[in-house]
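A.B. asks:
There are 2 protein chains.
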Amino acid sequence: MPANLKDVAVRAGVSVRTVSNVVNTPEVVAAGTRDRVLSAIEELGYRPNVAARALRRGRSEVIGLVVPEIDSPYFAELAAHVVRAAEARGWTVHIEQTDGSGPRERQLLDGARGQGVDGVIFSPWSMTADEVSRRSAAPPVVMLGEQPGVGTVDHVAVDNRLAAAGATRHLLASGRRRIAAVGVQPHLRNETARQRLAGYRDALAEAGVADDERLHVPVERLHHQDGADAMRRLAELEALPDALFCFTDQLALGALRACADLGLRVPDDVALVGFDDIEAGRYSVPSITTVAPDKERLAELALACLDERMRDHALPGRDVAVPHRLVVRESAPAPATPPASAAR
Amino acid sequence: MPANLKDVAVRAGVSVRTVSNVVNTPEVVAAGTRDRVLSAIEELGYRPNVAARALRRGRSEVIGLVVPEIDSPYFAELAAHVVRAAEARGWTVHIEQTDGSGPRERQLLDGARGQGVDGVIFSPWSMTADEVSRRSAAPPVVMLGEQPGVGTVDHVAVDNRLAAAGATRHLLASGRRRIAAVGVQPHLRNETARQRLAGYRDALAEAGVADDERLHVPVERLHHQDGADAMRRLAELEALPDALFCFTDQLALGALRACADLGLRVPDDVALVGFDDIEAGRYSVPSITTVAPDKERLAELALACLDERMRDHALPGRDVAVPHRLVVRESAPAPATPPASAAR
DNA sequence: ACGTGGCATTGCAACGTTGCAAACTGGTGT
DNA sequence: ACACCAGTTTGCAACGTTGCAATGCCACGT
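Protein sequences, first through last, are from chains A and B. Count along the first sequence from 1, add 1190, and you get the number used in the working numbering. Count along the second sequence from 1, add 1190, and you get the number used in the working numbering.
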């Protein structure tokens, strides 16, 4: 049976309240008393009971991290940063997976209410900020990824449209003209995919390249398999694309695999750009050119938002931008290297 | 302010205790009363306060998952299974990262005591079962990975020695004779690495192949980079190895990348076998032959152990085996395809 | 000697829930 | 008519902590 405040108090010959003070506000306790209490704590191995503390204080110092799937490299890397940043604030992190299901997203968010989390970092798949805002009783929520309307929740994200345009421009600059967009999700209200498609179109329009809808490849999920399937479908077109802008690195890695199977050389025949800068893309052959969001910053900013929002529930929804950069690697090298078609 | 039992009780015109009964043991409440209470719960959006419940019951229905790093694909995939299996039991999962630091492992395990977790799934890096057992005040712990002594904690793992021997035998069967072991950790008490090395040696001995210590490559961590570094070091030997048994897929993927840089063909010049069966290894070029532990089963068995141990803290330490199989892919194909050296 | 102020310590109550055991209800058996 | 029983419902207390406000103590100034 673990020791409680009372056990420590008896041992140190002080009141329960004084022990509590030593634990929480040591500066108000006289040095002598403090030392005596600290030894008693040490001897008994006392640890505050978090349940009692949470009940009394009304805060648990626990936040929820709700993601589609923790085993997708992007979310795994993000989670690592979130856990580290949370720890720096003295918070612990509960992980929940929505498995990319809308109903489950709703259910988890509703459940969060009583689940003793002080706030939630939510990476939505199909829910929008509006919908989240309407669930009034829930604890503060910070959403990852852009959102169309500004509800009563914050959202923290890279400027997906700008980033996608940058990636596409990079491909255009190296002479590619038939650029596919892999990762479109027409049936879902997934704002991130929407923005990336918009950015892709911006860049095409800028360059005066026609936006060929046959090159928009929808996917169910964002796994390797979906990227591979997408590439195979593209290979069936009468004219092959000369580049793919994949909405995630995982899709790009899947497409890369399919290229190998199809006998297509990357980047010579097809250039690939991904998004997320996951570790695997740095070591693949060829390595993946990608849009790298500053994930550490993303996590830190999300927690900072949550922190403010926990202090003041009435805060209006905010829109926080996270820096990103294009990391040029082998799958879509810098323009100096023209595509094989131009070289011949 | 969220509704509590009292609010519901007032609304339904019953006592607090009856509402509690409806929530916890509906079968003892008369149907009429039950319906009235349920509507009140619905109307007020009542959710039990988990902190109060945990305080009163002495159980939080939260377990901790302590891993070196959640962003390593193996741990990410494992975590996904653990979270799903925990959810099926009505538990939530609290994630902590040790960053592969011994002191942090100890600190986190000690901290777990008061942290309101009912149990811990611990994937150790350098701590042994003996050490964990000695921390008496901690909640029940189930360790992932084999352990030398049987302390008072359970451990759930594949038979690493057997699995490693199988992987090595596969390489031997296809004619490889200079097989490197990548992932040795001599300075650490990492039992998993130890067992895999032992299995590798078993297979070599069996085949009458000398165990050349120059082919044991130590690594600091298990990242892609470490695998790539290992391969580069091996390439500096006077005689190149004709195969690598990498202790994790991530190391294998790193080695694969280094092979590309060194102009070595896989599997023609060098065959690769990994361990873990992470998703990325299924889509790399070439795909990675690997030892696949049944991760879903692993998670489920670990939780089952924890469950039993939570009911009976005095249970002796157990040793639970998880099934595994060798998945043959391109990086080390079946023996039918002899290595390039033999073919010439 | 006495009031004053600052510092250190304390007791009480409450957070929302559930274990326990008692109390109530209406119907049944004698 | 009365005791008894099963089926429902209830009140009280306690889990371990902390907010609040009050108390005790001591040295200082007048």
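Positions of the beta carbon are idealized from the N, C-alpha and C atoms, including for glycine. It should be emphasised that the depicted structure is a prediction, and the values quoted were computed from it without experimental measurement.
Among the candidates B/Ala1445, B/Ala1522, B/Leu1378 and B/Glu1469, whose CA atom is the shortest distance from the CA of B/Ser1291?
C.D. replies: If we check each option's Cα against that of B/Ser1291, B/Leu1378 comes out closest.
A.B. asks: Determine which residues of the segment 1440-1463 of chain B have a Cβ less than 8 Å from any Cβ of chain A, and write them out in chain order.
C.D. replies: Within the segment 1440-1463 of chain B, the residues whose Cβ lies closer than 8 Å to some Cβ of chain A are Leu1443, Gly1444, Leu1446, Arg1447 and Ala1450, listed in chain order.
A.B. asks: Drop a sphere of 10 angstroms on the beta-carbon of B/Arg1237, count the other beta-carbons inside from all chains shown, and report buried for 16 or more, exposed for fewer.
C.D. replies: The residue is buried, with at least 16 neighbouring Cβ atoms inside 10 Å.
A.B. asks: Along the beta strand (DSSP E) that carries B/Asp1344, what are the first and last residues, could you check?
C.D. replies: Unbroken beta strand (DSSP E) run through B/Asp1344: Asp1344 to Ala1347.
A.B. asks: Closer than 8 Å by C-beta to A/Ala1482: which residues in its own chain qualify, once you throw out the five before and the five after it? Chain order, please.
C.D. replies: Counting only Cβ-Cβ distances below 8 Å, and skipping sequence neighbours, we find Asp1466, Asp1467, His1514, Arg1515, Leu1516 and Val1517.
A.B. asks: Quick check on A/Gln1287 - is its C-beta less than 8 Å from some C-beta in chain B?
C.D. replies: It does: the Cβ of A/Gln1287 has a partner Cβ on chain B nearer than 8 Å.
A.B. asks: What does A/Ala1593 touch in chain B if you count any residue whose Cβ is under 7 Å from its own?
C.D. replies: What the structure shows of chain A is the stretch from 1191 to 1534, and residue 1593 of chain A is not part of that stretch, so it cannot be assessed.
A.B. asks: Listed from N- to C-terminal order along the chain, which residues in the segment 1216-1249 of chain B have their beta-carbon within a distance smaller than 7 Å of any beta-carbon of chain A?
C.D. replies: Flagged, chain order: Gly1235, Arg1237, Pro1238, Asn1239, Val1240, Ala1241, Ala1242, Ala1244 and Leu1245.
A.B. asks: My output table needs one value for A/Glu1498: the three-state DSSP class, helix, strand or coil.
C.D. replies: Residue state, collapsed to three classes: helix.
A.B. asks: Within a Cβ cutoff of 6 Å, which residues of the same chain sit near B/Arg1201, ignoring the five residues on either side of it in sequence?
C.D. replies: The residues are Ala1230.
A.B. asks: From which residue to which residue does the alpha helix (DSSP H) around A/Ala1448 run?
C.D. replies: Counting along the chain, the alpha helix (DSSP H) containing A/Ala1448 begins and ends at Asp1439 to Leu1452.
A.B. asks: Counting only Cβ pairs nearer than 9 Å, list the residues of chain A close to B/Glu1426.
C.D. replies: Simply none; closest approach about 20 Å.
A.B. asks: Using 8 Å as the limit for Cβ to Cβ distance, is B/Ser1474 near chain A?
C.D. replies: Yes, because at least one Cβ of chain A sits closer than 8 Å to the Cβ of B/Ser1474.
A.B. asks: When DSSP builds the beta bridges, which residues end up paired with A/Ile1311?
C.D. replies: Note: A/Ile1311 sits in a beta bridge opposite A/Leu1255 and A/Val1332.
A.B. asks: How should A/Trp1315 be labelled, buried or exposed, when 16 other C-beta atoms within 10 angstroms of its C-beta is the threshold for buried?
C.D. replies: Its Cβ being crowded by 16 or more others within 10 Å, A/Trp1315 is buried.
A.B. asks: Look at the Cβ atom of A/His1284, then the Cβ atom of B/Thr1282, and state whether they are nearer than 8 Å.
C.D. replies: Yes.
A.B. asks: For a cutoff of 8 Å on Cβ pairs, would you count B/Thr1480 as touching chain A?
C.D. replies: No, B/Thr1480 lies away from the interface with chain A (no Cβ there is under 8 Å from its Cβ).
A.B. asks: What's the gap between the Cα of B/His1271 and the Cα of B/Ala1492?
C.D. replies: Each residue's Cα considered, the two are about 11 Å apart.
A.B. asks: Determine the burial state of A/Pro1330: buried for a count of at least 16 other Cβ atoms within 10 Å of its Cβ, exposed for fewer.
C.D. replies: Its Cβ being crowded by 16 or more others within 10 Å, A/Pro1330 is buried.
A.B. asks: How about A/Pro1525 and A/Ser1323: are their beta carbons less than 8 Å apart?
C.D. replies: Cβ atoms of A/Pro1525 and A/Ser1323: not closer than 8 Å.
A.B. asks: Indicate whether at least one CB of chain A lies closer than 8 Å to the CB of B/Ala1504.
C.D. replies: Output row for B/Ala1504: interface = no.
A.B. asks: What three-state label does DSSP hand A/Ile1231 in the structure shown?
C.D. replies: DSSP places A/Ile1231 in helix when its eight states are reduced to three.
A.B. asks: Measuring straight from C-alpha to C-alpha, what distance separates B/Arg1487 and A/Asp1459?
C.D. replies: Going from the Cα of B/Arg1487 to the Cα of A/Asp1459 covers about 43 Å.
A.B. asks: Kindly list the residues whose CB is nearer than 7 Å to the CB of B/Val1213, restricted to its own chain and excluding five residues on each side of it in sequence; keep chain order.
C.D. replies: Once the five neighbours on either side are set aside, the close Cβ partners of B/Val1213 are Pro1238.
A.B. asks: Is A/Arg1274 close to chain B? Criterion is C-beta to C-beta, closer than 8 Å.
C.D. replies: Yes, because at least one Cβ of chain B sits closer than 8 Å to the Cβ of A/Arg1274.
A.B. asks: To the nearest angstrom, how far is the alpha carbon of B/Ala1441 from that of B/Leu1412?
C.D. replies: Correcting the residue type first, residue 1441 of chain B is Leu in the shown sequence and not Ala. Using only the alpha carbons, I get a separation of about 6 Å.
A.B. asks: Using CA atoms only, rank isn't needed, just tell me which of B/Val1510, B/Glu1251 and B/Ile1478 is closest to B/Glu1277.
C.D. replies: Of B/Val1510, B/Glu1251 and B/Ile1478, the residue nearest in Cα terms is B/Glu1251.
A.B. asks: Is there contact here, the segment 1445-1462 of chain A with the segment 1238-1248 of chain A, by at least three beta-carbon pairs under 8 Å?
C.D. replies: Not touching, per the Cβ criterion.
A.B. asks: Tell me whether A/Glu1410 is buried or exposed, calling it buried when 16 or more other Cβ atoms sit within 10 Å of its Cβ.
C.D. replies: Classification for A/Glu1410: exposed.
A.B. asks: Cα separation between A/Glu1295 and B/Gln1337?
C.D. replies: Their Cα atoms are separated by approximately 39 Å.
A.B. asks: Quick one: residues in its chain with C-beta nearer than 7 Å to the C-beta of A/Ala1533, no 5 flanking neighbours on either side, listed in chain order?
C.D. replies: Residue placement at A/Ala1533 is flagged as unreliable, the pLDDT there being 42, under the threshold of 50; a coordinate-derived value is accordingly withheld.
A.B. asks: Hey, how far is the Cα of B/Val1209 from the Cα of B/Val1240?
C.D. replies: Distance between the alpha carbons of B/Val1209 and B/Val1240: 16 Å.
A.B. asks: Note down the Cα distance separating A/Asp1300 from A/Ile1253, rounded to an integer number of angstroms.
C.D. replies: Cα to Cα, the separation comes out at about 14 Å.
A.B. asks: Does the segment 1348-1359 of chain A come close enough to the segment 1414-1425 of chain A to have 3 or more Cβ pairs within less than 8 Å?
C.D. replies: No, the segment 1348-1359 of chain A is not in contact with the segment 1414-1425 of chain A.
A.B. asks: For B/Pro1483, which of helix, strand or coil comes out of DSSP?
C.D. replies: Strand.
A.B. asks: Look at the alpha carbon of B/Arg1142 and the alpha carbon of A/Ala1355, and state the distance between them as a whole number of angstroms.
C.D. replies: Chain B is shown from 1191 up to 1534; residue 1142 of chain B falls before or after that span and cannot be answered.
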